[in-house]
Amino acid sequence: MGFFTGKELLELCQNNKYQIYDATIEYENEKTGIAKEAILERMMINLKIMKEAATRAFSEEIGGKIIGGESRKLRERYENTKPVCGNTMARAVSYALSTMEVNASMGKIVAAPTAGSCGVIPAVFLSLSESHQISDELLLKGLFTTSGVGIVIANNATLSGAQGGCQAEVGSASAMAAAGVVEMMGGTPEQALHAAAIALKNLMGLVCDPIAGLVEAPCTKRNAIGTSNALISAEMALAGITSVVPFDEVVEAMYKVGLSMPCSLRETSLGGVAATPTAKKIEKEIFGYNIT
Amino acid sequence: MTSYSVFDLIGPVMVGPSSSHTAGANRIGYISKHIVGEEIEDVTFYLHGSFAKTHKGHGTDKALLAGILGCLPDDEKIRDAFELADQEGLTYHFEEIDLGDVHPNTTKIVAKTKTNHTWTIIGSSIGGGKIKITSINNMEVDFDGEFTTLITDHTDCPGIVSRITKILSDYHINIAFMKLFREVKGREALLIIETDEDIPRAAADELEKIEAIHSSKIIPKCNI
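Protein sequence lines, in the order shown, are assigned to chains B and S.
Each number in the numbering used here comes from the position in the first sequence (counting from 1) with 935 added on.
Each number in the numbering used here comes from the position in the second sequence (counting from 1) with 7 added on.
Pasting the structure below:
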């Protein structure tokens, strides 16, 4: 019961009256021989670690060499004022920031799909579970949808910032999360892939340029934009808005954009914001000399 | 069907900050420790490409070293790797290198053991915490640590593969993948067998009794 492309995944869903999460759980069961209950249990552990990281920075002084305290600032704002982008979005972004602060401190996170993009999926899922009273059982299913979509991207493109830029990391995380939201909210597999295609296109061309080589800036705030992008892409798909270009073609385009990016914009910290005078100054302050 | 598990996409559980630069690097170190298979006294990590440029920021140095010390990617001790190495009396060095046309996240590990053997292992971190070991002691290889892996270093001769697989069969171990590497007929060869079941040390000891086999190493599965 394999699938390599989005088209194959959709056919699998159509032929078996599956949602993407059903197809993905079947895929994992068949591939590994591990019982479905055990697969669900393992995902539950991941969900628990995601929830912990998404809220840990609210109560702990953690962060890296550049970031720290951002999630709390945002939380204080949405608890005390009416946030400009609404409560669901503001909460979601605060969870993304917390996860990235934990990540920067070498704390425990779930790479989803990578550590540099680990803020997006927990943020979207946790915020939605609160605003729409979604059970852990459905959140688990949604996580399998995100995996299924991620597997297609990994098969046909890349998830690595060093290979494909930040579009391959935060872009993929955002696409995966968007698809998960659509299915959790009752959308169809087709709508889920439209949401993923829209989300991936919106972040296409995003370069990977971490200041001083740290997964902190601009990574943290890009996880925030990946979070909001996932929610708006899912909103559009749930309204019946489709991606003009099908998901598989978007994935291929993303891969080609990644391959055509110069090395300086693929996680080497040699270009983009990492090469600005301010970034160089920060780098020198942290390491005592310029490492790039 | 592909090689990806759902837990490659929602996972691994790891300490930050980078799946390719921290978790992947850690796995290369961890697998290298088991390839060497005896106590390491001194290790040099030659860092290529993105590893060379950004290893300090990503904690790649700590992750590689912690792997050599036996920590897995979700171990919060990774951040204290330098102190751990000092406690264990392991000396370590990091150097930049240009390894040519290889993956941007590649490291060459040169490990000296207490018995004065030197091992050279090259591995790449290919994204999302996944890795590939591409060279052991200058012999080209290809495996990823997703399965329990048996590596035998033996003299290339007729029947050796069947003798090895017979012993695995006696222990009811199913072979998932098998690759044989050699450079010159009748000389040194490496057999890499990835298995569904864990391999007991007793099986490896039995393999080492075969005259043509110089060593047999078991690398535990580390797909966290």
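All C-beta atoms, glycine included, are put in the ideal place defined by N, C-alpha and C.
Is B:Leu947 close to chain D? Criterion is C-beta to C-beta, closer than 8 Å.
The structure shown has no chain D; the protein chains it does contain are B and S.
Would you check if there are 3 or more beta carbon pairs closer than 8 Å linking the region 34-43 of chain S to the region 122-142 of chain S?
yes
Buried or exposed: B:Ala970, going by 16 or more other Cβ atoms within 10 Å of its Cβ?
Here the question's residue 970 of chain B lines up with position 35 in the first sequence. Label assigned to B:Ala970: exposed.
Since B:Ala1132 and B:Ser1178 are thought to touch, with beta carbons under 8 Å apart, how far apart are those beta carbons, to the nearest angstrom?
Here the question's residue 1132 of chain B lines up with position 197 in the first sequence. Here the question's residue 1178 of chain B lines up with position 243 in the first sequence. That belief holds up - the Cβ atoms of B:Ala1132 and B:Ser1178 are roughly 4 Å apart, short of 8 Å.
Whole angstroms is fine: what's the gap from B:Gly1193's alpha carbon to B:Gly1148's?
Within the first sequence, the letter at position 258 stands for residue 1193 of chain B. Within the first sequence, the letter at position 213 stands for residue 1148 of chain B. Those two C-alpha atoms are separated by around 19 Å.
From B:Gly1099, B:Val1019, B:Asn981, pick the residue whose C-alpha is nearest to that of S:Asp81; which is it?
The residue you call residue 81 of chain S lines up with position 74 of the second sequence. Of the listed residues, the one whose Cα sits closest to S:Asp81 is B:Asn981.
Excluding five sequence neighbours on each side, which residues of the same chain lie with their C-beta closer than 6 Å to the C-beta of S:Ile226?
Taking the second sequence and counting its residues from 1, one reaches residue 226 of chain S at position 219. For S:Ile226, where only same-chain residues beyond five positions count, the Cβ hits under 6 Å are Ile38, His41, Thr156.
Any idea if S:Glu201 is buried or exposed, counting beta-carbon neighbours within 10 angstroms, 16 or more meaning buried?
Against the second sequence, residue 201 of chain S aligns to sequence position 194. S:Glu201 is buried by the Cβ-count criterion.
Buried or exposed: which applies to S:Asp163, given that a residue is buried once 16 or more other Cβ atoms fall within 10 Å of its Cβ?
In the second sequence, counting from the first residue as 1, residue 163 of chain S sits at position 156. That one is buried.
Under DSSP, the alpha helix (DSSP H) around B:Met1189 begins and ends at which residues?
For the purposes of this step, residue 1189 of chain B is taken as the residue at position 254 of the first sequence. Where B:Met1189 is concerned, the enclosing alpha helix (DSSP H) stretches over 1182-1195.
Tell me the DSSP bridge mates of S:Glu103?
Taking the second sequence and counting its residues from 1, the one referred to as residue 103 of chain S is at position 96. Per DSSP, S:Leu54.
Could you name the residues of chain B that S:Ser53 contacts, counting a contact when the two beta carbons are closer than 7 Å?
In the second sequence, counting from the first residue as 1, residue 53 of chain S sits at position 46. First, the residue type needs correcting, since residue 53 of chain S is Tyr and not Ser in the sequence shown. Those do not exist, as S:Tyr53 stays about 17 Å from chain B at its closest Cβ, beyond 7 Å.
Amino acids of chain B, ordered along the chain, whose beta-carbon sits closer than 7 Å to that of S:Thr29:
Counted from its first residue, the second sequence places residue 29 of chain S at position 22. The contacting residues are Ala1050.
Min CB distance B:Met978 to chain S below 8 Å:
By 1-based counting over the first sequence, the position of residue 978 of chain B is 43. Yes, because at least one Cβ of chain S sits closer than 8 Å to the Cβ of B:Met978.
Can you tell me whether S:Ala183 is helix, strand or coil according to DSSP?
The residue you call residue 183 of chain S lines up with position 176 of the second sequence. If DSSP states are grouped into helix, strand and coil, S:Ala183 belongs with the strands.
Cα separation between B:Ala992 and S:Glu213?
For the purposes of this step, residue 992 of chain B is taken as the residue at position 57 of the first sequence. For the purposes of this step, residue 213 of chain S is taken as the residue at position 206 of the second sequence. For B:Ala992 and S:Glu213, the distance between alpha carbons rounds to 52 Å.
What are the partner residues of S:Met146, as DSSP defines its beta bridges?
Taking the second sequence and counting its residues from 1, one reaches residue 146 of chain S at position 139. Paired residue(s): S:Ile143.
So, are the CB atoms of S:Thr29 and B:Ala1050 less than 8 Å apart?
Translated into the one-based positions of the second sequence, residue 29 of chain S becomes position 22. Translated into the one-based positions of the first sequence, residue 1050 of chain B becomes position 115. Yes.
Taking the CB atoms as reference points, tell me whether B:Ala1046 and S:Pro111 lie closer together than 8 Å.
In the first sequence, counting from the first residue as 1, residue 1046 of chain B sits at position 111. In the second sequence, counting from the first residue as 1, residue 111 of chain S sits at position 104. Not a contact, by the Cβ cut-off of 8 Å.
Output needed for S:Leu175: all residues of its chain with C-beta closer than 8 Å, excluding positions within five of it in sequence on either side, in chain order.
Counting from one through the second sequence, the residue named residue 175 of chain S turns up at place 168. Leu157, Ile182, Ile200, Thr202, Ile206, Ala210, listed in sequence order.
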